[in-house]
Structure formats: structure tokens, C-alpha cells
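Novice: Per the numbering used here, the very first residue in the sequence shown carries number 384; after that it's consecutive.
Here a beta-carbon is modelled for each residue, glycine too, at the ideal position from N, C-alpha and C.
Have a look at the structure that comes next, please.
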Amino acid sequence: MAGATGLELAASCIRKGVPKQQEGVPEVRTVVHVHGAQVLPENDGYPESWFTPDGKLGAVAAANPSHYPNDQPATMLWYHDHALGIARLNVYAGLTGMYLIRDEEEQALNLPGGPYEIPLLIQDRSFGADGSLLYPPPKNGMHPMWMQEFFGQTICVNGKAAPYLEVEPRRYRFRMVNGSNSRFYHLTLVPVDETGKLNGQPADAPQFRQIGTDSGLLPAPLSLYYLIFSPGERFDIIIDFSEHKGVNLALINDAPAPYARGGGIVPDKVMLFKVTKPLIAKDNSSLPEALVPWTPMNPALAARERTLSLTEMDRPTDGYTMIGLLGQKHWDDPITEDPKAGSTEIWSFANCTGDVHPIHLHLVRFQVLNRQSFDVKTYVATGQLNYAGIPMPPEANERPAWKDTIKTYPGMITRVIVKFDLPTGTLAKPGEEFCYVWHCHVLEHEDNEMMRPYKIVA
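And the structure:
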């Protein structure tokens with residue numbers, strides 16, 4: 384099957400989309416999205432470009448095979464299913480993986496590598512007595528197709544429950560992905576005894592030395608005692624165990640579920656590090672004071688600022704969320720976000736809900752500008768934006784940094800600045816359109832209308 388051009392794909396996007404549970408759509412369907420990859424639309428895993436084992440295809444043509452140039456700066460991507468209306472189940476079933484891009488600039492830093500560079504894909508799961516995965520059906524008259532969020536009873540790392548890792552007393556590099564459907568994590572590292580009982584504080588454990596985030600390396604390492612980790616985000620971390628020989632260190636979680644309101648299951652055990660392996664050879668890796676250059680984008684050069692609302696409709700009887708929307712639009716409404724190729728825009732996410740929504744933009748990376756409180760009731764009722772406080776700076780590991788997924792907090796405007804470049808070498812005709820998507824990365828929300836197409840216009 385020949386791949387569609389960007390123009391052909393965009394033309395498909397303009398028409399009404401396929402309803403998510405339309406009669407005749409195969410129950411089992413999938414499409415691969417490499418999260419953070421700078422690729423043409425036909426290679427991006429568009430939600431309606433699904434396919435089935437017996438050769439059925441979705442409404443939007445896709446390349447076959449897909450092409451990934453891998454010509455972006457060194458970064459930690461990941462890939463997962465993105466089929467319209469069923470991503471939450473496909474990802475939960477295991478359709479995820481790590482995807483690392485290298486470059487010479489990263490290689491020159493002499494960071495820990497080989498057996499000392501380890502991926503950590505963190506996901507929560509629930510299991511039956513026979514070890515099978517459980518995804519509970521909605522209860523008590525909830526929406527017949529979706530739960531508002533899923534929170535598993537057990538945290539798994541790289542598919543294993545209650546995992547441990549024996550390490551040498553030296554530096555390790557951990558490439559961390561939150562691949563959970565809905566769960567946020569507040570991670571700390573603490574000493575524990577042989578039974579797993581806490582016998583120290585985070586200050587008694589090695590610090591997290593963060594060197595990278597979603598879309599690449601930071602300009603300099605950042606020292607942290609905790610990480611707040613939303614679905615879809617990535618952390619590139621160095622942990623130095625050299626001063627902790629013989630110690631057991633537990634990675635624990637205490638984030639409320641849902642974040643940050645609480646009320647759901649909160650498993651605290653993530654994994655255990657045992658500093659019990661002998662040092663095989665001298666640790667010749669390094670952690671430089673400077674990593675890669677970073678240049679702030681100038682908001683004054685933005686062609687426009689878009690204010691995009693995040694809203695939910697709750698059931699009056701018990702507050703259960705029935706549906707979520709972006710920009711008050713459904714998936715199959717006409718496209719309203721249409722930046723010019725090469726232009727810079729500010730996208731301001733106005734979170735009118737009680738949830739923290741991690742918002743992901745396909746194709747592009749962005750920089751976080753600030754957050755600011757606003758009068759939610761007035762905005763929802765009239766569309767008038769009245770600020771309730773001064774702008775707040777980004778979190779310590781959000782700027783200076785390149786991101787593709789950002790936490791948007793309730794009652795806050797979260798501003799990011801984005802340059803909408805097409806993939807390197809794209810030959811586009813004037814007016815040609817290239818269709819991508821932006822969405823909440825809580826997969827139950829994404830599957831229940833918190834996802835929208837956008838197009839870049841040449």
C-alpha cells in the first residue's frame with residue numbers, strides 16, 4: 384500500500400471522523416505512535432490509521448511501512464498504541480516500548496552506558512488470581528464504554544511486579560517513562576532494611592540527578608529528591624550509588640489518585656535497588672556540569688496566542704465525569720488549530736476541571752513559559768479570561784527544558800511556546816496541510832473525547 388501524502392491525510396482530517404464505537408469498526412485494531420518523533424503525518428500513528436491482523440484499515444491512509452528519520456537531537460521517546468477509542472485497552476495490554484535516539488553530542492558527554500544505562504517503564508496494573516490482567520468494567524450506571532480513570536493495584540516496572548535491581552556502587556543512568564493509563568507518581572528514593580521497612584529519609588539516599596526530559600537533554604544536571612511524573616512524561620536520571628554500598632534503597636510513590644484530588648488506590652512500592660553487586664571495574668563515566676546548549680524562545684516573536692479550554696461534564700448526582708473536551712470540541716468537529724509551517728505560537732491551556740491533565744502535542748517539542756490562576760466560572764460562562772494572580776514560573780525541571788507533554792493544573796492557565804516546524808526536508812506546496820493531534824495523555828480521557836486533530840499549513 385502506497386503511503387498518503389500530507390495533503391491527502393489532511394483532506395481526510397477535514398471530514399467528520401469515524402465515531403469511536405461506530406458499528407462495523409473492528410473490536411481489535413491498533414496503530415503505532417512513536418511519542419515525540421518528528422515524522423510526516425502518514426508515519427505518526429494517526430488515530431484513524433488503524434489496521435487489523437486480517438488486513439482491515441481505518442479511514443485515514445497511512446504509510447506502509449512507516450519511516451522514522453531519527454534526525455532529531457538525542458532524546459528518549461517511547462512508542463505505544465494510538466487507535467481511536469481503544470488506546471487505553473491496547474496500552475494496558477502491553478503495546479508499549481522504549482525508543483532512544485542518540486547523537487554525537489550526547490556520546491561526547493561520557494555518561495553511564497551499556498549495562499549501566501537501564502530503561503524503566505513504569506505502569507500500574509491489576510491482576511486476577513490466575514495472573515491475568517484485570518481492567519474492571521464501569522459500575523453503578525457509569526458511562527457504558529469508559530471509566531473516568533483507571534488505577535491499578537500494583538505498580539510494575541518493565542512488566543514486572545515488585546521488581547528489584549542489584550547494582551554496583553557506581554553511577555547508573557535510568558531512562559524513565561510513565562506508561563500508566565491514568566496514574567501520576569510522586570517518586571522518592573529512601574533507605575529500607577532487609578524486610579523493606581523504612582530506616583531513613585530521602586536525604587539519606589542518593590539524589591536524582593536529572594539530565595534530560597521528554598525531548599532531550601537539559602543544559603545542566605538538576606539535583607532533586609523527588610519527581611512528579613505524569614502519564615507520557617519521561618525523565619533521564621543519573622543515580623550515584625557509590626556512597627551507599629550494601630544499602631537497600633526503595634523507590635516509593637505517594638501521589639494521590641486521581642492527581643491531585645485523591646480517593647483512588649495508591650500503591651506505594653515501585654521498585655527496590657540493592658547496592659550489593661561488587662564493583663567490577665573503576666567507574667570512568669562522568670556527569671558534566673554542562674550538557675547541551677539551550678536557547679529560550681522569545682514570546683514576542685509568536686505569531687499568535689491560542690487559549691484552549693480543558694473542560695469536563697460531570698454527572699450531578701455524584702460528580703462522575705461523563706466526558707472531557709478540548710476547546711469545547713469533539714474529535715470529529717472541524718479542525719480549529721491551524722498554525723503556519725515554521726511559525727511560532729503560544730498555546731495557553733485553560734484547565735477548567737478538577738483534574739491535572741498531561742497535554743501532549745504530536746510532532747513538535749515546546750518550552751514552558753508560565754502558569755497563572757484564572758476565574759474559571761466566569762471563563763466557562765462567558766469566555767472572558769480574568770486572571771486571579773501573577774504568572775508563576777515553570778517547575779524546576781520544566782525550564783530550561785524541551786518538553787512534549789505538560790502537566791496542566793486545575794484553575795490554571797499553562798502556557799507553552801511552540802515552533803511548528805515540519806520534519807526536516809519536507810517539500811510542501813503552498814497551502815498544503817499536514818494533520819497531527821493533541822490530547823490529554825490520561826488514556827481514559829483521550830479515548831473519551833479529550834483529543835483533537837490540528838493541522839500545519841504550508
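In angstroms with no decimal places, state the Cα-to-Cα distance between M481 and M459.
Specialist: Rounded to the nearest angstrom, the two C-alpha atoms are 8 Å apart.
Novice: For Y878, which residues in the same chain have their Cβ closer than 6 Å to its Cβ, ignoring the five residues on either side in sequence?
Specialist: Past the edges of the chain, shown from 384 to 841, lies residue 878, and the structure says nothing about it.
Novice: Whole angstroms are fine: how far does the CA of L805 sit from the CA of A724?
Specialist: Distance between the alpha carbons of A724 and L805 is about 6 Å.
Novice: I need the boundaries of the beta strand (DSSP E) containing K786, first residue and last residue.
Specialist: Taken as a continuous stretch (DSSP letters only), K786 belongs to no beta strand (DSSP E), as it is neither H nor E.
Novice: Counting pairs of beta carbons, one from the stretch 553–571 and one from the stretch 497–511, are three or more of them closer than 8 Å?
Specialist: The stretch 553–571 is in contact with the stretch 497–511.
Novice: Would you decide whether H450 is buried or exposed? Buried here means 16 or more other CB atoms lie within 10 Å of its CB.
Specialist: Answer is exposed; the Cβ neighbour count stays below 16.
Novice: Based on Cα-Cα distance, which residue from R471, H418, A445 and N447 lies nearest to V411?
Specialist: The shortest C-alpha separation from V411 is found at R471.
Novice: Nearest to V653 by alpha carbon, out of G794, A673, H569 and T788?
Specialist: Checking every option, the nearest Cα to that of V653 belongs to H569.
Novice: Just the C-alpha distance for K812 and A445, rounded to the nearest angstrom, thanks.
Specialist: If I take the Cα positions, the gap works out to 20 Å.
Novice: So within the stretch 614–659, which uninterrupted beta strand (DSSP E) runs reach at least 3 residues, ignoring any that extend past its ends?
Specialist: Listed in chain order, the complete beta strand (DSSP E) runs (minimum 3 residues) inside the stretch 614–659 are 617–623, 631–636 and 652–657.
Novice: Which runs of the beta strand (DSSP E) fall wholly inside the stretch 564–610 and span at least 3 residues, in chain order?
Specialist: Runs found: 568–575, 591–596 and 599–607.
Novice: With a threshold of 8 Å, are at least 3 pairs of Cβ atoms found where one atom belongs to the stretch 702–711 and the other to the stretch 629–640?
Specialist: Output reads no: the stretch 629–640 does not touch the stretch 702–711.
Novice: Tell me which same chain residues have a C-beta within less than 8 Å of the C-beta of V422, skipping the five on either side of it?
Specialist: So the list reads S449, H450, Y451, P452, L746 and P806, once near-sequence residues are dropped.
Novice: Pick helix, strand or coil for N667, following the three-state DSSP scheme.
Specialist: Here N667 sits in coil by DSSP.
Novice: How big is the Cα-Cα spacing for L655 and Y547?
Specialist: Taking the straight line joining both Cα atoms gives about 4 Å.
Novice: Closest to T694 by CA distance: which of A420, P776, G511 and G737 is it?
Specialist: The shortest C-alpha separation from T694 is found at G737.
Novice: Between which two residues does the beta strand (DSSP E) holding N734 run?
Specialist: Unbroken beta strand (DSSP E) run through N734: T727 to N734.
Novice: Which ranges would you report for the alpha helix (DSSP H) in the stretch 418–503 if only whole runs of at least 4 residues count?
Specialist: Runs found: 470–475 and 487–490.
Novice: Would you tell me roughly how many angstroms separate the C-alpha atoms of E728 and P783, rounded to the nearest one?
Specialist: So the alpha carbons of these two residues sit roughly 18 Å apart.
Novice: With the cut-off set at 8 Å, would you say Y837 and D721 are in Cβ contact?
Specialist: Yes, the Cβ-Cβ distance between Y837 and D721 is below 8 Å.
Novice: Count the C-beta pairs between the stretch 611–621 and the stretch 567–582 that are closer than 8 Å, then say yes if the count reaches three, no if not.
Specialist: Cβ pair count under 8 Å is three or more, so yes.
Novice: Less than 8 Å between the beta carbons of N541 and L503, yes or no?
Specialist: Yes.
Novice: Using the beta-carbon count (16 or more within 10 Å), is K580 buried or exposed?
Specialist: The residue in question, K580, is exposed, as its Cβ has fewer than 16 Cβ neighbours within 10 Å.
Novice: Going by other Cβ atoms of all chains shown within 10 Å of its Cβ, with 16 needed for buried, is V630 buried or exposed?
Specialist: The residue in question, V630, is buried, as its Cβ has 16 or more Cβ neighbours within 10 Å.
Novice: Between E816, I621, D427 and N523, which has its C-alpha nearest Y462's C-alpha?
Specialist: It is D427.
Novice: Report the option in V415, H418 and P424 whose CA atom is closest to the CA atom of Y819.
Specialist: The shortest C-alpha separation from Y819 is found at P424.
Novice: In the DSSP output, which residue or residues are listed as bridge partners for I538?
Specialist: Looking at the DSSP assignment, I538 forms a beta bridge with D507.
Novice: With 16 other CB atoms within 10 Å as the buried threshold, where does M696 fall?
Specialist: Classification for M696: exposed.
Novice: Could you tell me the alpha carbon to alpha carbon distance between V739 and I594, rounded to whole angstroms?
Specialist: Cα-Cα distance, rounded: 25 Å.
Novice: Can you tell which of F591, P521, A764 and D758 has its C-alpha closest to the C-alpha of N780?
Specialist: Closest option to N780, Cα to Cα, is F591.
Novice: If you draw a straight line from the C-alpha of E532 to the C-alpha of L601, how long is it?
Specialist: Computed Cα separation, rounded: 32 Å.
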